[in-house]
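>
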Amino acid sequence: MNCTEEVCITCSDEGRPARVVESPKSPFDPAIVSTDAGVEEVDVTLVSPVKPGDRVLIHAGTAIARLEGE
Numbered sequence: 005m006n007c008t009e010e011v012c013i014t015c016s017d018e019g020r021p022a023r024v025v026e027s028p029k030s031p032f033d034p035a036i037v038s039t040d041a042g043v044e045e046v047d048v049t050l051v052s053p054v055k056p057g058d059r060v061l062i063h064a065g066t067a068i069a070r071l072e073g074e
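Just so we're aligned: the sequence shown equals residues 5 to 74 in our numbering.
(1) If I measure Cβ to Cβ from Pro28 and keep anything under 7 Å in the same chain, skipping five residues before and after, which residues do I get?
(2) Is it true that the CB of Asp58 sits closer than 9 Å to the CB of Cys20?
(3) For Gly42, report the span of its beta strand (DSSP E) as first-last.
(4) Would you decide whether Ala67 is buried or exposed? Buried here means 16 or more other CB atoms lie within 10 Å of its CB.
(5) Beta-carbon within less than 8 Å of Ser52's beta-carbon, same chain only, minus the 5 sequence neighbours each way: which residues are those?
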């Protein structure tokens with residue numbers, strides 16, 4: 005399959021900030037996060053461990069970085 009679009013059609017290549025609301029129950033479970041779009045489940049294995057209040061950058065349902073500061 006060849007992608008002919010300039011951006012990802014799933015997420016528009018958008019990284020979105022989120023705040024962790026609930027930590028994963030086990031290492032490979034998703035965390036519950038709050039974003040401007042609402043509450044979502046997000047894969048946090050790349051930035052684990054996370055705890056409530058931590059800020060992360062999410063892309064395509066995955067936390068790809070930790071965010072520092074407010």
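Yeah, the Cβ is synthetic: ideal placement off N, Cα and C, and Gly gets one too.
A quick look at the data gives this:
(1) Pro34, Ala35 and Val48
(2) One detail in the question is off: residue 20 reads as Arg in this sequence, not Cys. Taking 9 Å as the Cβ cut-off, Arg20 and Asp58 do not qualify as a contacting pair.
(3) Gly42 to Val46
(4) buried
(5) Pro28 and Pro31
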